[in-house]
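For the protein sequence lines, the chains are A and B, in the order given.
Just so we're aligned, residue 1 is where the first sequence starts under the numbering used here, counting upward by one.
Just so we're aligned, residue 1001 is where the second sequence starts under the numbering used here, counting upward by one.
Cβ atoms here follow ideal geometry from the backbone N, Cα and C, with glycine treated the same way.
Remember, it's a predicted structure, so these values are computed and weren't measured experimentally.
There are 2 protein chains.
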Amino acid sequence: MWAFINDKWIQAEDATIPVGDLAIQRGYAVFDFFRTAQGVPLFVNDHLERLVRSAKALRLPVKYSTDELKEIIRELLQKNNLLSSGIRITVTGGVSPDTYTPAEPGIIITQQELVMKGQEDFQKGLHLITHEYVRDLPAIKTINYIMGIWLQQKARIAGADDVLYVKNGYISELPRSNIFVVSYGGSLSTPASNILEGITRKQVLHLSKSLLPAMECDISMNDLIKSSEVFVTSTTKRIIPVLTVNGQKIGEGKPGPVTKTLYNSFLELEQKEIAKGW
Amino acid sequence: MWAFINDKWIQAEDATIPVGDLAIQRGYAVFDFFRTAQGVPLFVNDHLERLVRSAKALRLPVKYSTDELKEIIRELLQKNNLLSSGIRITVTGGVSPDTYTPAEPGIIITQQELVMKGQEDFQKGLHLITHEYVRDLPAIKTINYIMGIWLQQKARIAGADDVLYVKNGYISELPRSNIFVVSYGGSLSTPASNILEGITRKQVLHLSKSLLPAMECDISMNDLIKSSEVFVTSTTKRIIPVLTVNGQKIGEGKPGPVTKTLYNSFLELEQKEIAKGW
């Protein structure tokens, strides 16, 4: 498997970065991650746009234009010939002489096989617990997942699959997913603030337009618990129903009709993207 | 310069870690940093103890005992023959197959030249601004310094040297230093919570015992502004007076007598440590 590290093509097993890079010294780096299906990178413009936005927010200039990045991705796809995959682009703080001030950014582009969750995982759904927390600089896709990883044990002990961040009674997101709530009144909502704006989230908001009223707003724990359906979205999960939160059943505690409809619409959208090619 | 990376001695310029390591993928790593003076690592037991504590808190088993780490440090000192230096030990989340769950931890031990701040920097003191923030998991020395680095620009624009974190009116710490406050009543205090327990902080609390009443407690912004002296402590700074906070003068706006006395006591303590050897 080929990787592109600091301007060089290299075999993935030899892909390393200097220990002096601020990513390792200070956790200072941003990244983005997208899928390829049948060799087509999905929603790649959205992902590259967000990468550039994240890098800019951390004041890390990306030395390649979006078009140049696409050329590198094209070459990566040709070299590795991997049809279903995840591609990750990381922009690091670079090797800093004082181990603190960002220097010339490093760039890491890797591809890996990716087995997607299927119908079975959709049916199984997710059980969540909550944790009082808001991420730092949530709109920026930094590499900081310490809290999410650290909370894995708490989730495991509670018999849950993942953690939902809540602050002062309002929900925001999961460590690697956005969350949506369907009210009994038939409207869809998703938190407006303290979140990373997911690309699947954006597509779901778009798809929902022809189906039901949808809005980005503040959502309380009370709204969540009283809702008819809850689901999460992410690049690797697409759409997965949430069946319980802190042991409390959401709606009937099984995948609901709105979630199913949106899931099917999303699969169709994916097929259209694949058919379009790039 | 030699470095010790994942069980191998290697030249520092060749020191790299795999891009799959969770330090790079998810910012999941802890570290500690200590000085050597005249070839003697200062307060090394305190630093190694804190490293082990940090690693344990992030559930990263350190494969070397403290004694084994000391042997590696001894070898590092012999190989590099660098008398005044900083030594950094990083324990990383390792290369994780799912890029999320901690695997076998990586270990990185590097040494670098270190020019210490001197009398002139002490006289110049520091000008701080405040920022509403508490670090995640503050007691653990993770590699996450995103906020501190990100705030450098805010400090620069304000003409300040560094940032003091404040939450709901209470001060905690700087990104890389602890803070102490001397009241007009002649007592010393330092925040008790939401901090990394610095090794210099610990030594200063110890040194203060024979000099003035000292306590770890909650300190409000109001306490800070009304105080007679403020100083910060860190491994690389030792003790440096704070002359202004958000443009407001502390005491007479120059290094105060308690700060000076503690600074001299600390220099003496350092000399004793050096004389003891290890």
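In the structure shown, the three-state DSSP call for Trp-278 (chain A) is coil.
For Leu-262 (chain A), the secondary structure class from DSSP, reduced to helix, strand or coil, is helix.
Here Val-1095 (chain B) is actually not in contact with Ile-1107 (chain B); their C-beta atoms are around 13 Å apart, not less than 8 Å.
Ile-250 (chain A) has its alpha-carbon roughly 53 Å from the corresponding atom of Ala-1003 (chain B). For the segment 1144 to 1168 of chain B, the set of positions with a beta-carbon nearer than 9 Å to some beta-carbon of chain A reads Asn-1144, Tyr-1145, Ile-1146, Met-1147, Gly-1148, Ile-1149, Trp-1150, Gln-1152 and Gln-1153 in chain order. Residues of the segment 245 to 262 of chain A with a C-beta less than 8 Å from any C-beta of chain B: none at all.
Neighbours of Gln-1025 (chain B) across chain A, judged by C-beta separation under 9 Å: Phe-31, Arg-88, Thr-90, Ile-143 and Tyr-145. Straight-line measurement puts the Cα of Val-1062 (chain B) at about 11 Å from the Cα of Val-1030 (chain B). Along the segment 72 to 144 of chain A, the alpha helix (DSSP H) occurs as fully enclosed runs of 4 or more residues at 119 to 124, listed in sequence order.
Contact between the segment 1179 to 1188 of chain B and the segment 1016 to 1036 of chain B is absent, with fewer than three C-beta pairs closer than 8 Å. Closest in alpha carbon position to Asn-144 (chain A), among A:Ile-24, A:Asn-80, A:Asp-98 and A:Asp-218, is A:Ile-24. Here Val-1182 (chain B) is bridged, per DSSP, to B:Leu-1188 and B:Glu-1229.
Asp-46 (chain A) places its beta carbon less than 8 Å from that of Ile-199 (chain A). Within chain B, the residues Val-1019 have their CB atoms less than 7 Å from the CB of Thr-110 (chain A), given in chain order. The C-alpha of Ile-1179 (chain B) lies about 36 Å from the C-alpha of Val-52 (chain A). DSSP places Met-147 (chain A) outside any beta strand (DSSP E); the residue lies instead in the alpha helix (DSSP H), whose first and last residues are 146 to 150. Counting of Cβ neighbours within 10 angstroms places Leu-1205 (chain B) among the buried residues, the total reaching 16 or more. Rounded to the nearest angstrom, the Cβ distance from Asp-1098 (chain B) to His-1127 (chain B) is 46 Å, too far for a contact under 8 Å. Look at Thr-66 (chain A) here: in three-state DSSP terms it is helix.
For Ala-1037 (chain B), the enclosing beta strand (DSSP E) covers residues 1029 to 1037. Beta bridge pairing from DSSP links Ser-1234 (chain B) with B:Arg-1238.
The beta carbon of Thr-1036 (chain B) sits no closer than 8 Å to any beta carbon of chain A. DSSP, read as helix, strand or coil, puts Val-204 (chain A) in helix. Within the same chain, and ignoring the five residues on either side of Ile-1274 (chain B) in sequence, the residues whose Cβ sits closer than 7 Å to its Cβ are Ala-1037, Gln-1038 and Val-1040. Under the criterion of beta carbons closer than 8 Å, Thr-1110 (chain B) and Arg-1135 (chain B) do not qualify as touching, at roughly 24 Å. Interface annotation for the segment 167 to 182 of chain A against chain B: empty, criterion Cβ-Cβ distance under 7 Å. As computed with DSSP, Ile-1171 (chain B) is found in a beta bridge with B:Val-1166.
Against Leu-58 (chain A), the close residues of chain B are Ile-1146, Ile-1149 and Trp-1150, in the order they occur along the chain (beta-carbon pairs closer than 9 Å). Under the DSSP definition of a beta bridge, Glu-216 (chain A) partners with A:Thr-190. Using a CB distance cut-off of 8 Å, Leu-82 (chain A) does not count as an interface residue toward chain B.
Contact note: Leu-1137 (chain B) reaches chain A through Ile-146, Met-147 and Trp-150, using a C-beta cutoff of 8 Å and chain order. With respect to chain A, the C-beta atom of Tyr-1028 (chain B) has a partner C-beta closer than 8 Å. In the three-state reduction of the DSSP assignment, Pro-257 (chain A) falls in the helix class, which pools H, G and I. Distances from the alpha-carbon of Ser-208 (chain A) to those of A:Phe-266, A:Leu-164 and A:Tyr-170 put A:Phe-266 closest.
With respect to chain B, the C-beta atom of Ala-103 (chain A) has no partner C-beta closer than 8 Å. Ile-17 (chain A) carries a strand assignment under DSSP once its states are collapsed to helix, strand and coil.
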